[in-house]
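Residue numbering for the sequence shown follows my numbering, beginning at 372 and increasing consecutively. Glycine included, every Cβ here is placed at the ideal spot set by N, Cα and C. Presented below is the structure to which this report refers.
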Amino acid sequence: MVLYTSPFPNSFLSVLHSFSWGLIFPCYWLADRLVASFVPTTYEKRQRADDPCYFHALCIIITTPIYLALLVASLPFALIGFLLWSPLQSARRPYVYSRLEDKNHANGATLLTEWKAAGNGKSFCFGSANVCLLPDSLARFNNVFNTQARAKEIGRRIRNGASRPQIKIYIDSPTNTSISAASFSSLVSPQGGDNTNRTVNAGIKRTTSMEYKGDNSGSNNSEDSREDKGGAGESNEGEENSCIVRINGEDNGHMSDTEPDAVNGQAHASGPAEPSLEGDAEISKTPNHKQKEGDSGSLDSYSASRESLVKVRVGDGTVDQSTVNNKLLYKASIMKKTSVRKKKHTDETFDHEISAFFPANLDFLCLQEVFDKRAAEKLKEQLHHYFEYIVYDVGVYSCHGCCSFKFVNSGLLFASRYPVMDAAYHCYPNGRGTDSLASKGALFLKVQVGSTPQDQRIVGYISCTHLQAIAGDTTVRCEQLDMLQDWLSEFRKSTSSSSTANPEELVAFDVICGDLNFDNCSSEDKLEQQHSLFTHYKDPCRIGPGEDKPWAIGTLLDPEGLYDEEVCTPDNLQKVLESEEGRKGYLVYPTSKNHSSSQKGRKASLKGNGRRIDYMLYTEEGLYLEWKVEVEEFSFITQLAGLTDHLPVAMRLMVSTGEDDP
């Protein structure tokens, strides 16, 4: 299958489309700004409350007549542009595939080594997020604003969080739960490819995933670092760019005298604390995106909350600080392997956490609600610093391909570190209400993740979707889930080049990501909860219809509280969501016919830990029979705090080949 690298088959149509959109854009922009000026966010309302001179009200009085006059003047040109633009959509392709040619521009691409399916298994990390990148006037109804600046900041946070090395600290004493799930920082020497998997003696006993602060431009400036990472990649195919830190168990699982000092800023046993590294942080112009003291969510912040920069000992000798790469800043998000909420289900086989950062070595990213085209370009530019392959501008416009007129695309975006082999898009024809104005649908992708010693391709399937959002449209969502399954089955059949007798490719995983707009605890969503999709695909957060696992939390934030100081930074939001009272104050909870839908103070009797409408599903059906797929880690991520009203989710799958697996 040929992947479309441009929206139109020839340059003439592309030029004509650009011309028509150029006629439409002034009218579109003026209408957007006019509506946006009358829909303030809670952040803006708080600012205006401190304005005794009513300066903003005066600006609206002055600018509104100007906007109206210019809007009326631009209407004839917009009408001509629309008459050209609309018929062109019948020739438009359903997506645009972008591949980064200059691999030195990407952090992540240089870390990959081809998986040969020999020896150890391989882990793959998937992420999904609804980023609410609508035109600014529409985004404000979700209490977020400045779409263009948010798009750039979202992309920057994702690639900064994902481009860090993955460092795991294993706990000797499983009974140690005295340290709260906080974030801390330490300097670790990246030197020596042979030491990628190393042992560091320290006094802290937790399981952590470490963060990496790369060059702000997204490029790898250190050639030595690249060589070390490349050399280490072949030693363990399952853990790319990883460091194993093994902690000695002392004091019966309690913190030693040095441990509080390490958390507070010093580790006397390891040497004096080092000063914080100052990066060339890019400060967003949007007020709600400013990095406050203690906000470590962007990895570029000048200060670290509840963190210390510590000199560590490797083996018997002290690390020479002159060899430490001054571009490395590791931040740790504590993994709660023994949290109280897991006691009801002691048979849980994988880690789960609320993390302030996107997982290290993120392989695949599925985004929803990337509706604004200019924002999509800014987001793509940032993501290309880490992901080599991106599929964006997915969907149809006008009346082409769907039953009703579509003003915006599907909002889906897919980014990958592995090459995309095939892609297909289908539009849901049964959208209702305001959802019918967008070409919501499903994007199906086939990626190549390696090859066997017998030159058989190792592939994976990923589906990204966004279902009907309007509450009460249960039958519509069930119909869309039916179509999703049928389309996915057709896509797998049409793109498969294998036969049972002579397989040319081996399927390693099949994953579905997206915003399904129903949760597993609401009484009004019973039909969706019992859909056949969940008999073929597994939800790591689900026990059964109507019941989630105790550690699973909602992914839909209460829009009214997005800018509260308690949750406006990744660290703060992480801390709040780790407590039941905090979740009740800032998450949207499952609806009930017997309870009011208002958020504050009325959630005590409602079921679950919030509305979990963002899903990551996987299946063991249709995969290579001799391999086994297991969830290794599941995360709820707070790194996009203040930028969207959804919590991103991430899942790491381990594909075990059965050959010499530990």
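So what's residue i in DSSP terms, helix, strand or just coil?
| i | result |
| --- | --- |
| E918 | strand |
| R521 | helix |
| Q900 | helix |
| I432 | helix |
| N891 | coil |
| H388 | helix |
| D844 | coil |
| Q739 | strand |
| W998 | coil |
| Y768 | coil |
| S807 | helix |
| N592 | At N592 the pLDDT is 40, less than 50, meaning the model places this residue with poor confidence and gives no usable figure here. |
| G532 | helix |
| L405 | helix |
| E949 | coil |
| G526 | helix |
| G932 | helix |
Look at the Cβ atom of residue i, then the Cβ atom of residue j, and state whether they are nearer than 8 Å.
| i | j | result |
| --- | --- | --- |
| M792 | V765 | no |
| S457 | S769 | yes |
| L459 | L384 | yes |
| Q1010 | A727 | yes |
| A1012 | T940 | yes |
| S499 | D890 | no |
| T376 | V443 | no |
| R848 | E918 | no |
| Y957 | T413 | no |
| V878 | Y908 | no |
| H902 | L852 | yes |
| P790 | Y757 | no |
| C912 | R983 | yes |
| G452 | S1027 | no |
| N780 | S810 | yes |
| A794 | V762 | yes |
| T518 | D743 | yes |
| T823 | K487 | yes |
By a C-beta neighbour count over all protein chains shown, 10 Å radius and 16 as the cutoff for buried, is residue i buried or exposed?
| i | result |
| --- | --- |
| Q825 | exposed |
| A440 | exposed |
| V938 | buried |
| E524 | buried |
| E740 | buried |
| E816 | In the sequence as displayed, the identity of residue 816 is Leu instead of Glu. Under this definition L816 is a buried residue. |
| D857 | exposed |
| P436 | exposed |
| S868 | exposed |
| T720 | exposed |
Using alpha carbons as the reference points, say which of the options lies closest to residue i.
| i | options | result |
| --- | --- | --- |
| L928 | Q739, L509, Y960, S781 | Y960 |
| Y989 | E1001, R983, M854 | E1001 |
| K920 | K817, G812, G981 | G981 |
| I924 | D844, I1008, W858 | I1008 |
| H771 | A462, V373, V406 | A462 |
| C398 | L450, F379, H388, V373 | L450 |
| P536 | E724, V410, L733 | L733 |
| L754 | G821, F721, A533, P790 | A533 |
| N501 | V818, I529, S494 | I529 |
| E724 | F426, G782, L996, P1019 | P1019 |
| S775 | F785, R863, Y799 | Y799 |
| F735 | D422, V947, F880 | F880 |
| P506 | L855, R419, W400 | W400 |
Within the same chain, show all residues whose beta-carbon is closer than 6 Å to that of residue i, passing over the 5 residues directly before and after it, in chain order.
| i | result |
| --- | --- |
| V515 | C503 |
| V882 | F497, I833, Y989 |
| E485 | G821 |
| L750 | A522, G526 |
| S551 | Bear in mind that the predicted position of S551 carries a pLDDT of just 38, short of 50, making it too unreliable to give a figure here. |
| E861 | none |
| L838 | R848, Q851, L887, N888 |
| C835 | C737, L783, F785, L814, C884, G885 |
| N635 | Bear in mind that the predicted position of N635 carries a pLDDT of just 41, short of 50, making it unreliable; the figure below should be weighed with that in mind. So no residue of the chain qualifies. |
If you drop the 5 nearest sequence neighbours on each side, which residues of the same chain put their C-beta closer than 7 Å to that of residue i?
| i | result |
| --- | --- |
| R511 | A407, V410, T412 |
| V373 | none |
| C892 | G917, D919, P961, K978, G979 |
| P1036 | Nothing in the structure corresponds to residue 1036, since the chain is present only between 372 and 1033. |
| N513 | C503, P930, D1016 |
Would you please verify whether the beta carbon of residue i is less than 8 Å from any beta carbon of chain D?
| i | result |
| --- | --- |
| S385 | No chain D is part of this structure, which consists of one protein chain only. |
For residue i, which residues from the same chain have a beta carbon less than 8 Å from its beta carbon, with the 5 sequence-adjacent residues on both sides left out?
| i | result |
| --- | --- |
| N381 | none |
| L429 | none |
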